[in-house]
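Visitor:
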Amino acid sequence: LHGRQLGLLGLGKIGGRVAQVGLAFGMRVSAWSQNLTRERTDGVGVELASSKEELLRTADFVSVHLALGERTRGLLGPAELALLKPTAYLVNTSRAAIVDQEALLAALHEGRIAGAGVDVFDTEPLPAGHPMRTAPRLLATPHLGYVSRANYATYYGQAVEAIGAYLAGSPVRRLPVEAPPPASSRP
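Counting from 1, position 59 in the sequence shown corresponds to residue 257 in my numbering; the numbering is continuous, with no gaps.
#1: Can you tell me whether Q356 is buried or exposed, with buried defined as 16 or more other CB within 10 angstroms of its CB?
#2: Go through the region 291-341 residue by residue and report every complete run of the beta strand (DSSP E) that reaches 3 residues or more, in order.
#3: If you drop the 5 nearest sequence neighbours on each side, which residues of the same chain put their C-beta closer than 6 Å to that of L246?
#4: For E359, name the three-state secondary structure that DSSP assigns.
#5: From what residue to what residue does the alpha helix (DSSP H) around L282 run?
#6: Starting from V260, trace the beta strand (DSSP E) in both directions and tell me its first and last residue.
#7: Helix, strand or coil, according to DSSP, for Q203 in the structure here?
#8: Which residues in the same chain as R226 place their Cβ atom closer than 6 Å to its Cβ, once the five residues preceding and following it in sequence are excluded?
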(Lines of atoms letter the chains of each structure in order from A; the text may use other names.)
(Lines give C-alpha, C1' and ligand atoms only; values in the text may rest on other atoms or scores of the structure.)
Protein backbone atom coordinates (compact mmCIF):
# COMPACT_ATOMS: atom_id res chain seq x y z
CA LEU A 199 0.00 0.00 0.00
CA HIS A 200 2.98 2.29 0.55
CA GLY A 201 3.02 5.04 -2.05
CA ARG A 202 -0.41 4.18 -3.46
CA GLN A 203 -3.17 6.80 -3.70
CA LEU A 204 -6.21 6.47 -1.40
CA GLY A 205 -9.18 8.60 -2.40
CA LEU A 206 -11.85 9.19 0.22
CA LEU A 207 -15.34 10.33 -0.66
CA GLY A 208 -16.26 11.90 2.67
CA LEU A 209 -13.98 12.86 5.54
CA GLY A 210 -16.24 12.70 8.56
CA LYS A 211 -15.61 10.58 11.64
CA ILE A 212 -15.19 7.28 9.75
CA GLY A 213 -13.51 8.77 6.68
CA GLY A 214 -11.05 10.54 8.98
CA ARG A 215 -10.18 7.26 10.70
CA VAL A 216 -9.68 5.54 7.34
CA ALA A 217 -7.40 8.43 6.32
CA GLN A 218 -5.28 7.84 9.43
CA VAL A 219 -4.91 4.16 8.56
CA GLY A 220 -3.95 5.01 4.98
CA LEU A 221 -1.36 7.52 6.18
CA ALA A 222 0.05 4.96 8.64
CA PHE A 223 0.63 2.61 5.69
CA GLY A 224 2.46 5.37 3.82
CA MET A 225 -0.33 6.01 1.35
CA ARG A 226 -0.94 9.35 -0.30
CA VAL A 227 -4.46 10.31 0.79
CA SER A 228 -6.86 12.76 -0.80
CA ALA A 229 -10.49 13.46 0.01
CA TRP A 230 -13.51 15.07 -1.59
CA SER A 231 -17.11 15.77 -0.71
CA GLN A 232 -19.50 18.45 -1.79
CA ASN A 233 -18.87 20.54 1.32
CA LEU A 234 -15.37 19.49 2.38
CA THR A 235 -13.07 22.34 3.42
CA ARG A 236 -9.31 22.73 3.23
CA GLU A 237 -9.36 23.37 6.98
CA ARG A 238 -10.77 19.86 7.55
CA THR A 239 -8.33 18.14 5.16
CA ASP A 240 -5.38 20.04 6.64
CA GLY A 241 -6.55 19.02 10.12
CA VAL A 242 -6.49 15.35 9.12
CA GLY A 243 -3.28 15.69 7.10
CA VAL A 244 -4.67 14.80 3.67
CA GLU A 245 -4.98 16.57 0.34
CA LEU A 246 -8.23 18.19 -0.78
CA ALA A 247 -9.09 16.82 -4.22
CA SER A 248 -10.06 19.59 -6.63
CA SER A 249 -13.07 17.57 -7.80
CA LYS A 250 -14.79 14.22 -7.48
CA GLU A 251 -13.63 13.42 -11.00
CA GLU A 252 -9.98 14.16 -10.17
CA LEU A 253 -10.17 11.93 -7.11
CA LEU A 254 -11.68 9.07 -9.13
CA ARG A 255 -9.11 9.40 -11.95
CA THR A 256 -6.07 9.43 -9.65
CA ALA A 257 -6.93 7.00 -6.84
CA ASP A 258 -5.71 3.43 -6.61
CA PHE A 259 -8.33 2.82 -3.92
CA VAL A 260 -11.58 4.76 -3.53
CA SER A 261 -13.42 4.43 -0.23
CA VAL A 262 -16.93 5.84 0.23
CA HIS A 263 -17.81 7.48 3.57
CA LEU A 264 -20.80 9.71 2.85
CA ALA A 265 -24.25 9.99 4.35
CA LEU A 266 -27.07 9.09 1.98
CA GLY A 267 -29.11 12.07 0.90
CA GLU A 268 -30.46 13.83 -2.15
CA ARG A 269 -26.99 15.02 -3.18
CA THR A 270 -25.28 11.65 -2.70
CA ARG A 271 -27.85 9.17 -4.04
CA GLY A 272 -26.37 7.77 -7.27
CA LEU A 273 -23.21 9.87 -6.84
CA LEU A 274 -21.15 7.10 -8.44
CA GLY A 275 -22.90 6.03 -11.61
CA PRO A 276 -21.63 4.60 -14.90
CA ALA A 277 -19.80 7.81 -15.93
CA GLU A 278 -18.03 8.13 -12.57
CA LEU A 279 -17.05 4.45 -12.41
CA ALA A 280 -15.63 4.78 -15.95
CA LEU A 281 -13.14 7.34 -14.57
CA LEU A 282 -11.54 4.77 -12.27
CA LYS A 283 -8.24 3.23 -13.34
CA PRO A 284 -8.51 -0.40 -14.48
CA THR A 285 -6.20 -1.17 -11.53
CA ALA A 286 -8.39 0.66 -8.99
CA TYR A 287 -10.46 -0.82 -6.19
CA LEU A 288 -13.73 0.65 -4.91
CA VAL A 289 -14.82 0.17 -1.30
CA ASN A 290 -18.33 1.09 -0.16
CA THR A 291 -19.18 0.63 3.50
CA SER A 292 -21.45 3.66 3.57
CA ARG A 293 -24.82 3.28 1.83
CA ALA A 294 -25.59 1.13 -1.22
CA ALA A 295 -27.60 3.81 -3.03
CA ILE A 296 -24.54 6.08 -3.29
CA VAL A 297 -23.04 3.66 -5.85
CA ASP A 298 -25.15 2.55 -8.81
CA GLN A 299 -25.26 -1.21 -8.19
CA GLU A 300 -25.88 -2.14 -11.83
CA ALA A 301 -23.00 0.06 -12.98
CA LEU A 302 -20.71 -1.51 -10.37
CA LEU A 303 -21.68 -5.02 -11.46
CA ALA A 304 -21.03 -4.10 -15.10
CA ALA A 305 -17.60 -2.63 -14.24
CA LEU A 306 -16.68 -5.82 -12.38
CA HIS A 307 -17.96 -8.22 -15.03
CA GLU A 308 -16.27 -6.27 -17.84
CA GLY A 309 -12.98 -5.98 -15.92
CA ARG A 310 -13.01 -2.18 -16.02
CA ILE A 311 -11.87 -1.99 -12.38
CA ALA A 312 -9.60 -4.34 -10.44
CA GLY A 313 -12.18 -5.10 -7.78
CA ALA A 314 -14.56 -3.86 -5.12
CA GLY A 315 -15.39 -4.42 -1.49
CA VAL A 316 -18.92 -3.72 -0.34
CA ASP A 317 -20.64 -4.00 3.01
CA VAL A 318 -23.96 -2.47 1.92
CA PHE A 319 -26.47 -3.60 -0.68
CA ASP A 320 -29.63 -2.32 -2.35
CA THR A 321 -31.50 -5.22 -0.72
CA GLU A 322 -30.52 -6.50 2.74
CA PRO A 323 -30.14 -9.24 3.57
CA LEU A 324 -28.79 -10.04 0.13
CA PRO A 325 -31.10 -12.62 -1.51
CA ALA A 326 -29.60 -15.99 -2.48
CA GLY A 327 -29.81 -15.33 -6.23
CA HIS A 328 -28.60 -11.72 -6.16
CA PRO A 329 -25.93 -10.98 -8.82
CA MET A 330 -23.64 -9.44 -6.19
CA ARG A 331 -23.15 -12.93 -4.75
CA THR A 332 -21.40 -14.17 -7.90
CA ALA A 333 -19.75 -11.01 -9.23
CA PRO A 334 -16.06 -11.45 -10.07
CA ARG A 335 -13.45 -9.61 -7.99
CA LEU A 336 -16.02 -8.60 -5.38
CA LEU A 337 -15.50 -9.02 -1.65
CA ALA A 338 -18.90 -8.73 0.02
CA THR A 339 -19.68 -8.69 3.73
CA PRO A 340 -23.19 -8.62 5.23
CA HIS A 341 -23.34 -5.02 6.55
CA LEU A 342 -20.86 -5.68 9.34
CA GLY A 343 -18.84 -2.48 9.11
CA TYR A 344 -20.02 -1.32 12.52
CA VAL A 345 -19.00 -4.55 14.25
CA SER A 346 -16.47 -4.08 17.02
CA ARG A 347 -15.98 -5.50 20.47
CA ALA A 348 -17.07 -2.17 22.00
CA ASN A 349 -20.25 -1.95 19.91
CA TYR A 350 -21.22 -5.53 20.71
CA ALA A 351 -20.49 -5.03 24.43
CA THR A 352 -22.75 -1.96 24.46
CA TYR A 353 -25.49 -3.60 22.39
CA TYR A 354 -25.63 -6.85 24.32
CA GLY A 355 -25.12 -5.11 27.66
CA GLN A 356 -28.14 -2.90 27.00
CA ALA A 357 -30.18 -5.89 25.82
CA VAL A 358 -29.42 -7.83 29.01
CA GLU A 359 -30.23 -4.75 31.11
CA ALA A 360 -33.56 -4.27 29.32
CA ILE A 361 -34.56 -7.93 29.70
CA GLY A 362 -33.61 -7.96 33.39
CA ALA A 363 -35.56 -4.77 34.06
CA TYR A 364 -38.60 -6.12 32.22
CA LEU A 365 -38.52 -9.34 34.24
CA ALA A 366 -38.27 -7.27 37.43
CA GLY A 367 -41.36 -5.31 36.38
CA SER A 368 -39.61 -2.03 35.67
CA PRO A 369 -38.63 -1.72 32.00
CA VAL A 370 -35.83 0.77 31.35
CA ARG A 371 -37.31 1.83 28.04
CA ARG A 372 -40.99 2.42 27.43
CA LEU A 373 -42.96 3.62 24.47
CA PRO A 374 -44.88 6.77 25.33
CA VAL A 375 -48.53 5.95 25.87
CA GLU A 376 -50.88 8.75 25.02
CA ALA A 377 -54.03 9.03 27.07
CA PRO A 378 -57.16 8.53 24.97
CA PRO A 379 -59.06 11.72 24.23
CA PRO A 380 -62.01 12.47 26.52
CA ALA A 381 -65.22 10.74 25.46
CA SER A 382 -66.83 14.11 24.76
CA SER A 383 -64.28 14.89 22.01
CA ARG A 384 -64.61 11.55 20.17
CA PRO A 385 -66.65 11.53 16.95
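All C-beta atoms in this analysis are idealised placements derived from N, C-alpha and C, irrespective of residue type, glycine included.
Guide: In terms of the structure at hand:
#1: By the neighbour-count rule (16 or more Cβ atoms within 10 Å), Q356 is not buried but exposed.
#2: Correct list: 313-316, 336-338.
#3: Close CB contacts of L246 within its chain, under the 6 Å cut and outside five residues either way in sequence, are with R236, T239 (chain order).
#4: Helix at E359.
#5: L282 -> no alpha helix (DSSP H), and no H or E assigned at all.
#6: 259-262 is the extent of the beta strand (DSSP E) around V260.
#7: Q203 sits in a strand when the DSSP states are folded into three classes.
#8: Non-local beta-carbon contacts of R226 in its own chain, meaning distances under 6 Å to residues more than five positions away in sequence, involve Q203 in chain order.
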